[in-house]
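First up is the structure itself, then whatever we jot down about it.
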Amino acid sequence: RDPATPKQDLRGLRVVVSAGPTREYLDPVRFISNPSSGKMGFAVAEEARDRGAQVTLVTGPVNLPDPAGMSVVHIESALQLHDAVVDAAQAADVVVMTAAVADYRAAEAATEKQAKVAGDVTIHLTPNPDILAELGRDKGARVLVGFAMETHAGVERAAGKAQRKNADFILLNYPTREGTAFGGDDNQVTLVRADGTHEDWPRTSKREVARRLLDEALRVRAARPQ
Ligand code: CTP
Ligand code: CA
Numbered sequence: 184r185d186p187a188t189p190k191q192d193l194r195g196l197r198v199v200v201s202a203g204p205t206r207e208y209l210d211p212v213r214f215i216s217n218p219s220s221g222k223m224g225f226a227v228a229e230e231a232r233d234r235g236a237q238v239t240l241v242t243g244p245v246n247l248p249d250p251a252g253m254s255v256v257h258i259e260s261a262l263q264l265h266d267a268v269v270d271a272a273q274a275a276d277v278v279v280m281t282a283a284v285a286d287y288r289a290a291e292a293a294t295e296k297q298a299k300v301a302g303d304v305t306i307h308l309t310p311n312p313d314i315l316a317e318l319g320r321d322k323g324a325r326v327l328v329g330f331a332m333e334t335h336a337g338v339e340r341a342a343g344k345a346q347r348k349n350a351d352f353i354l355l356n357y358p359t360r361e362g363t364a365f366g367g368d369d370n371q372v373t374l375v376r377a378d379g380t381h382e383d384w385p386r387t388s389k390r391e392v393a394r395r396l397l398d399e400a401l402r403v404r405a406a407r408p409q
């Protein structure tokens, strides 16, 4: 085999990856969103594909071309992301939620563009479903992986999320490090398990983070009674 070809250790596995931001429309021309670039999720999807997995990538609006050799589903809102991920996850062995899901959407999105009014306005927001938590409630043999960006108490908060959502582990990162996280090509993450054990990984490319993430997912899978 070509030494440039990675080992095919995910052959026969189905991997679902969510990536990018969601858009929560207030009216036809305005939305609430966030600066997620999608790069981390695309790196996970491409790494999984190159290691032989059958990949479904569910992505919000990003400035990245669709990767070849996988099924790519485009969504905008958290509700659309929910439906696409839940559908793809049914047959999945590994689900990686890198998407930056908006926690809220407009309680009632206007169907017509809203004109400005004099003075303050109030927008009524309602919570979006927590997709990772929902997958965690009916987990089966799947390996569930989340991401979290925290400004403070990162390990503690990430471990709490892993526990509450029944995720196997969460990769924690910080919004403040130059060239990492939002939009950067590098990432510096801490692997956090539900039991609070954690490992700092070195700052490296998002592709290398993806490689380590999938290695860890395989370890979790191997340790689990099938
Ligand atoms: N997530 C999800 N559905 C949501 C919100 C988050 O599946 N509605 C996933 C994210 O994709 C990520 C993980 O949950 O993998 C953690 O996201 P985060 O926003 O850190 O968690 P929240 O529970 O929303 O907590 P917070 O109050 O810190 O935003
Ligand atoms: Ca959130």
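Everything in the sequence shown is counted per full-length UniProt numbering, starting at 184 for the first residue and increasing by one. Just so you know, even glycine gets a beta-carbon here, dropped at the ideal spot from N, CA and C.
Three-way DSSP call (helix, strand, coil) for residue i in this model
{"i": "E291", "result": "coil"}
{"i": "F225", "result": "helix"}
{"i": "G343", "result": "helix"}
{"i": "I314", "result": "helix"}
{"i": "E266", "result": "Glu is not the amino acid found at residue 266; the sequence shown has Asp there. Correct three-state label for D266: helix."}
{"i": "V338", "result": "helix"}
{"i": "D378", "result": "coil"}
{"i": "G319", "result": "helix"}
{"i": "D233", "result": "helix"}
{"i": "A261", "result": "helix"}
{"i": "A282", "result": "coil"}
{"i": "N370", "result": "strand"}
Residue i CB to nearest heavy atom of ligand 1 below 6 Å
{"i": "A400", "result": "no"}
{"i": "V284", "result": "yes"}
{"i": "D270", "result": "no"}
{"i": "F330", "result": "yes"}
{"i": "M223", "result": "no"}
{"i": "M280", "result": "yes"}
{"i": "D368", "result": "no"}
{"i": "D249", "result": "no"}
{"i": "L354", "result": "no"}
{"i": "L315", "result": "yes"}
{"i": "N349", "result": "no"}
{"i": "N311", "result": "yes"}
Residue i, enclosing beta strand (DSSP E) - first and last residue
{"i": "Q237", "result": "Q237 to T242"}
{"i": "Y208", "result": "E207 to D210"}
{"i": "S201", "result": "R197 to A202"}
{"i": "I353", "result": "F352 to N356"}
{"i": "G329", "result": "V326 to M332"}
{"i": "F214", "result": "R213 to I215"}
Start and end residues, alpha helix (DSSP H) containing residue i
{"i": "A405", "result": "K389 to A406"}
Burial state of residue i (16 or more Cβ within 10 Å)
{"i": "Q191", "result": "exposed"}
{"i": "G379", "result": "exposed"}
{"i": "L240", "result": "buried"}
{"i": "V304", "result": "exposed"}
{"i": "G319", "result": "buried"}
{"i": "L327", "result": "buried"}
{"i": "A406", "result": "exposed"}
{"i": "V212", "result": "exposed"}
{"i": "D351", "result": "buried"}
{"i": "N246", "result": "exposed"}
{"i": "H265", "result": "buried"}
{"i": "V300", "result": "exposed"}
{"i": "D233", "result": "buried"}
{"i": "D398", "result": "exposed"}
{"i": "E230", "result": "buried"}
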